[in-house]
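Colleague: Below is one structure. I have some questions about it.
Residue numbers (my numbering), protein chains in the order written: chain P, 139 to 522; chain V, 602 to 931.
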């Protein structure tokens with residue numbers, strides 16, 4: 139598509155750099171919560187996620203062995219050990235004995251403690267406290283030290299969120315909403331679309347126009363009348379007005395105009411000869427639909443299925459209105475909003491939950507992008 | 602029963618029921634009006650007149666109940682009081698016009714309507730123009746398009762993290778404040794900053810919608826006949842001139858479609874405002890205010906009046922869409 143105008147090397151550089159800038163701007167926000175979801179709670183709240191891969195300095199505290207356990211070495215009594223927990227290692231960059239001044243000494247530099255012991259901490263974390271006489275006491279001295287901590291990747295956040303925040307249950311609830319809410323409208327729309335594309339009857343043009351009009355009706359308008367209606371139906375059958383059947387049908391109703399519109403456009407574009415010759419051979423409309431039109435319309439069916447799945451999975455409003463707030467009905471988006479309210483500053487919970495809510499749509503998106511794009515083009519490029 | 606099992610069972614039952622309805626009703630029609638025997642000709646004509654409606658019935662019934670009936674019911678409800686019992690005429694509309702929060706919502710919606718479609722379409726156009734010219738264009742397109750798959754709530758969390766604010770003496774963990782302090786500025790609580798917080802919410806929707814605009818516009822750009830571009834280049838037009846003077850006018854129709862599609866979405870924007878500010882700090886919009894009036898304050902009449910306001914704003918686009926569709930079909 140680039141004419142000869144796009145060939146100068148300077149321009150190619152400008153175009154590539156601008157594109158890189160745009161891509162970086164568009165991916166960084168998501169990347170941020172992705173990285174954060176694997177970081178430790180303290181790390182998230184003390185440093186930006188972009189520092190996640192550089193080592194961070196941490197001030198820690200260890201307790202030395204008790205004076206009672208000091209062993210005689212020559213004329214002196216010595217307590218020794220390592221500031222690091224067993225199996226851990228690191229590099230100490232500073233140490234001290236008082237909380238007010240935890241970095242008073244360099245590694246190897248002797249520090250006189252309050253009980254006259256002399257504390258020395260080496261770079262590798264081993265320490266010795268040397269006493270001239272046998273010391274007494276059950277509590278060991280506190281050693282404050284600063285160390286470089288290698289970046290740590292943890293799955294703890296996922297364990298917490300999936301285990302105790304109800305996110306796992308919500309994940310299942312979201313699936314429960316999305317799967318039927320994707321399949322039911324396809325079934326209903328496919329038949330209607332065929333009738334609108336290939337059958338002759340009075341009022342056909344009007345119906346197509348009506349569908350196009352309904353495409354943009356704001357669903358806010360439907361909430362109160364439908365909730366009222368559900369209340370009446372629920373009372374008549376003695377069931378709750380809020381439940382999965384209600385939301386499946388609501389999603390079906392709201393998705394139907396797009397489904398019929400997309401499928402009709404696609405079916406109308408199928409070659410006339412194929413359908414005419416089947417008619418001449420004596421096939422009924424029902425037979426033509428089942429055996430010829432439906433299989434040929436697979437790309438359009440896939441496009442709509444992806445739209446509807448993303449839409450139902452990502453929806454918040456309809457779920458809030460037509461489902462209850464109990465654990466066995468709350469979907470992921472609703473849960474995330476609730477966590478935003480109750481765990482406002484706990485970014486390790488929020489980023490992890492957010493990532494769990496977007497992972498399924500992202501997988502669907504990247505694996506079926508072709509159909510998504512095709513559907514968008516069919517639904518939007520009119521006139522040109 | 603486990604809900605997910607229930608869901609799968611429903612899918613299976615739904616498919617069977619649907620198939621049974623269509624198969625059964627067609628079979629019944631064929632039995633009632635056989636295409637053989639003495640009245641074969643008349644029967645075939647009658648069956649052909651009835652059959653489309655068998656195909657259409659479920660769709661029409663659901664559309665009628667879920668979209669058409671609510672429009673008229675809402676008009677009625679908007680003239681009822683809080684409990685839907687007493688007729689109050691235009692009182693809800695009078696209240697609406699006098700209400701400060703409603704005016705704020707209307708003003709904010711107008712801002713969203715001006716800024717979001719314009720910015721998304723413009724950035725989408727730029728992204729399409731750039732990615733069509735590079736060898737890794739498809740990867741770039743994928744990544745810019747990706748936010749489209751993310752829920753508005755998910756996107757709100759993502760951006761709230763970027764806008765995060767800590768006190769001045771603390772390390773800023775929000776990207777935006779970190780950049781601002783890095784450049785020597787003072788950190789700000791962006792979400793509560795009057796006027797600008799609206800813009801920060803809009804950025805989220807622009808971030809999501811740019812990919813959509815890019816995909817559609819990129820396809821339209823590729824559909825432009827080569828000759829028009831080549832002729833312009835031969836006449837000495839530079840790349841920017843070609844883009845803005847030759848290509849843009851040829852895809853004006855598509856730009857209009859993208860613009861109106863995003864406009865519709867903007868009118869209904871709810872999740873982002875609900876999750877980010879819940880309409881506080883001067884960020885209220887119509888859809889969120891409607892939710893608040895109806896489900897928090899419990900006033901169905903006022904809620905319906907606000908919902909109808911959104912509907913009225915959508916009508917011009919609806920008419921335009923219908924006219925375009927009719928033109929195509931004829």
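Note that CB positions come from ideal geometry on N, CA and C, so glycine has one too. All values derive from a computational prediction rather than experimental measurement.
Unbroken alpha helix (DSSP H) runs of length 4 or more, entirely within the stretch 338–391 of chain P: which are they?
Modeller: 342–352, 358–375
Colleague: Where does residue 327 of chain P land, buried or exposed, given buried means 16+ other C-beta within 10 angstroms?
Modeller: It is buried - the Cβ of residue 327 of chain P has at least 16 other Cβ atoms within 10 Å.
Colleague: So, with DSSP's three-state summary, where would you put residue 321 of chain P?
Modeller: helix
Colleague: Touch check for the stretch 838–847 of chain V and the stretch 764–779 of chain V: three-plus C-beta pairs under 8 Å?
Modeller: no
Colleague: Closest to residue 814 of chain V by CA distance: which of V:856, V:802, V:805 is it?
Modeller: V:856
Colleague: Give the interface partners of residue 489 of chain P over in chain V, defined as CB-CB distance under 9 Å, in chain order.
Modeller: The contact set of residue 489 of chain P on chain V, defined by CB atoms closer than 9 Å, consists of 758, 759, 762 in chain order.
Colleague: State yes or no: is the beta carbon of residue 898 of chain V nearer than 8 Å to at least one beta carbon in chain P?
Modeller: no
Colleague: Within 10 angstroms of the Cβ of residue 143 of chain P, are there 16 or more other Cβ atoms? Answer buried if so, exposed if not.
Modeller: Residue placement at residue 143 of chain P cannot be trusted, given a pLDDT of 44 that sits under 50; the coordinates are not used to answer.
Colleague: Give the straight-line distance between the Cα atoms of residue 623 of chain V and residue 757 of chain V, rounded to the nearest whole angstrom.
Modeller: The alpha-carbon atoms of residue 623 of chain V and residue 757 of chain V are separated by roughly 43 Å.
Colleague: Which residues in chain V have a C-beta closer than 9 Å to the C-beta of residue 452 of chain P? List them in chain order.
Modeller: 750, 751, 752, 753, 754, 755, 872
Colleague: Quick one, which residues of the stretch 789–814 of chain V are near chain P if we go by CB-CB under 8 Å, in chain order?
Modeller: Listed in chain order, the positions of the stretch 789–814 of chain V with a beta carbon within less than 8 Å of a beta carbon of chain P are 808, 811, 812, 813.
Colleague: Run through chain P and tell me which residues come within less than 7 Å of residue 716 of chain V, C-beta to C-beta.
Modeller: Within chain P, no residue comes near residue 716 of chain V; the closest Cβ sits about 18 Å away, beyond 7 Å.
Colleague: Secondary structure at residue 796 of chain V, three-state DSSP: helix, strand or coil?
Modeller: coil
Colleague: Would the stretch 735–746 of chain V count as touching the stretch 452–465 of chain P if we require 3 or more Cβ pairs under 8 Å?
Modeller: no
Colleague: With DSSP run on the structure shown, which of helix, strand or coil describes residue 879 of chain V?
Modeller: coil
Colleague: Give me, in chain order, the residues of the same chain whose beta-carbon lies closer than 8 Å to that of residue 292 of chain P; leave out the 5 immediate sequence neighbours on both sides.
Modeller: 176, 177, 178
Colleague: Using a Cβ-Cβ cut-off of less than 7 Å, list which residues of the stretch 667–695 of chain V approach chain P; keep chain order.
Modeller: 667, 668, 670, 671, 672, 674, 675, 678
Colleague: Okay, do the stretch 300–316 of chain P and the stretch 381–401 of chain P touch, 3+ Cβ pairs below 8 Å being the bar?
Modeller: yes
Colleague: With distances taken Cα to Cα, identify the nearest neighbour of residue 295 of chain P among P:510, P:246, P:490, P:516.
Modeller: Nearest C-alpha to residue 295 of chain P: P:490.
Colleague: Does chain P have any CB closer than 8 Å to the CB of residue 616 of chain V?
Modeller: With 8 Å as the cut-off, residue 616 of chain V counts as an interface residue toward chain P.
Colleague: Got a sec: is the Cβ-Cβ distance from residue 867 of chain V to anything in chain P below 8 Å?
Modeller: no
Colleague: Counting only beta-carbon atoms, is residue 314 of chain P nearer than 8 Å to chain V?
Modeller: Put simply, the CB of residue 314 of chain P is near chain V, with a gap under 8 Å to one of its CB atoms.
Colleague: Taking a cut of 8 Å between CB atoms, which residues from the stretch 161–193 of chain P lie near chain V?
Modeller: 161, 164, 165, 166, 167, 168, 170, 171, 174, 182, 183, 184, 185, 186, 187, 188
Colleague: Give every residue of the same chain whose Cβ lies closer than 6 Å to the Cβ of residue 275 of chain P, excluding the five residues on either side of it in the sequence, and list them in chain order.
Modeller: 205
Colleague: Would you kindly work out how many angstroms separate the C-alpha atoms of residue 409 of chain P and residue 358 of chain P, rounded to a whole number?
Modeller: 39 Å
Colleague: Secondary structure at residue 632 of chain V, three-state DSSP: helix, strand or coil?
Modeller: helix
Colleague: With a threshold of 7 Å on Cβ separation, who are the neighbours of residue 688 of chain V within its own chain once the five nearest residues in sequence on each side are excluded?
Modeller: 680, 681
Colleague: Beta carbon of residue 732 of chain V, beta carbon of residue 626 of chain V: below 8 Å?
Modeller: no
Colleague: Compare the C-beta of residue 330 of chain P against all C-beta atoms of chain V and say whether one is closer than 8 Å.
Modeller: Yes, residue 330 of chain P lies at the interface with chain V (some Cβ there is under 8 Å from its Cβ).
Colleague: Under three-state DSSP, which class holds residue 507 of chain P?
Modeller: helix
Colleague: Enumerate in chain order the residues of its own chain whose CB-to-CB distance from residue 521 of chain P is below 8 Å, with the five nearest sequence positions on each side excluded.
Modeller: Note on residue 521 of chain P: pLDDT 32, under 50, position unreliable in the model; the coordinate value appears next. Same-chain partners within the cutoff: there are none.
Colleague: Nearest-angstrom Cα distance between residue 881 of chain V and residue 875 of chain V?
Modeller: 9 Å
Colleague: Using the three-state DSSP reduction, which class does residue 852 of chain V fall into: helix, strand or coil?
Modeller: coil
Colleague: Grab me the residues of residue 442 of chain P's own chain with a C-beta within less than 6 Å of its C-beta, minus the 5 sequence neighbours each way, in chain order.
Modeller: Only 397, 400 meet the Cβ criterion.
Colleague: Would you decide whether residue 236 of chain P is buried or exposed? Buried here means 16 or more other CB atoms lie within 10 Å of its CB.
Modeller: exposed
Colleague: Return yes when the Cβ of residue 190 of chain P is within less than 8 Å of the Cβ of residue 281 of chain P, no when it is not.
Modeller: no
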